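Asker:
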Amino acid sequence: MSSTQLNATNGQAVKVITVANQAGSVGKSTMVAALAALLAADGKRVLVVDADSQANVSHSLGVASTEVAHHTGDVLLRRAEILDALVETNTDGVLLLPGHADLATDLVELNSMPIAALRLRKPMQERSPSTTSTWS
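Counted from 1, the sequence shown has number 39 at position 39 by the UniProt record's numbering; the numbering is strictly sequential.
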């Protein structure tokens with residue numbers, strides 16, 4: 001787990017917490033769902049980005065990835081705007097950019113693109129919680 005701070009275009013700091021591990025079944029999805037719920041209960045606005053094709057954290061937050069209009073891959077590959085892909089979850093105060101089975105092939109395409117690792121940075125900075133009513 002790592003933590004980074006970004007500045008939104010409105011100058012407000014946004015904290016980004018990343019949970020990653022190549023190994024499966026180590027509790028990543030469970031940790032993310034629990035951490036999101038705790039932060040939301042503390043009054044924080046939380047956005048969970050599910051970047052896994054199994055979409056386990058999406059399911060943990062009550063979102064069936066097969067029923068979403070857009071997902072993380074769509075935003076990364078610029079087929080959809082981030083605000084169009086965000087969905088409400090079963091946890092008050094937590095929004096989700098859902099995972100989807102198509103992410104497996106989307107990531108292959110994404111890896112061939114320059115600066116692929118930064119493709120979410122700009123949409124997230126432009127659509128910070130304080131500047132977007134959807135996130136309030």
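The C-beta atom is built at its ideal place from N, Cα and C for all residues, glycine as well.
Predicted, not measured: the structure shown is a model, and the values here were computed from it.
(1) Looking at T72: is its Cβ nearer than 8 Å to the Cβ of G43?
(2) Rounding to the nearest angstrom, what Cα-Cα distance links A36 and V57 in this structure?
(3) What does the Cβ neighbour count give for A20, buried or exposed, with the cut at 16 atoms within 10 Å?
(4) List the whole-angstrom C-beta distance separating L96 from V48, where the pair is believed to meet the contact cut-off of C-beta under 8 Å.
(5) With distances taken from CA atoms, which of E67, K28, A69 is nearest residue 164?
(6) Identify which residue in A55, L107, A13 has its Cα closest to the Cα of E67.
(7) What three-state label does DSSP hand A13 in the structure shown?
(8) Taking the C-alpha atoms as reference points, what is the distance between D52 and V16?
(9) My parser needs the alpha helix (DSSP H) runs of 4 or more residues fully inside the UniProt domain "AAA" (15-122); what are they?
(10) I believe V46 touches L39 by the beta-carbon criterion, under 8 Å. Please report the beta-carbon distance rounded to the nearest angstrom.
(11) In angstroms, rounded to a whole number, what distance separates the CA positions of L61 and L83?
Answerer: Once the coordinates are examined:
(1) Contact flag unset, no.
(2) Computed Cα separation, rounded: 10 Å.
(3) The residue is exposed, with fewer than 16 neighbouring Cβ atoms inside 10 Å.
(4) Contact between L96 and V48 holds: CB atoms are separated by about 5 Å, below the 8 Å threshold.
(5) Shown here, the chain extends from 1 to 136; a query on residue 164 therefore has no answer.
(6) Check the Cα spacing between E67 and each of A55, L107, A13: the tightest is with A55.
(7) Strand at A13.
(8) Using only the alpha carbons, I get a separation of about 17 Å.
(9) Counting whole runs of 4 or more residues, the UniProt domain "AAA" (15-122) contains the alpha helix (DSSP H) stretches 28-41, 56-60, 72-76, 82-85, 103-111.
(10) At roughly 5 Å, the Cβ-Cβ gap stays under 8 Å, so V46 and L39 are in contact.
(11) Each residue's alpha carbon lies about 18 Å from the other.
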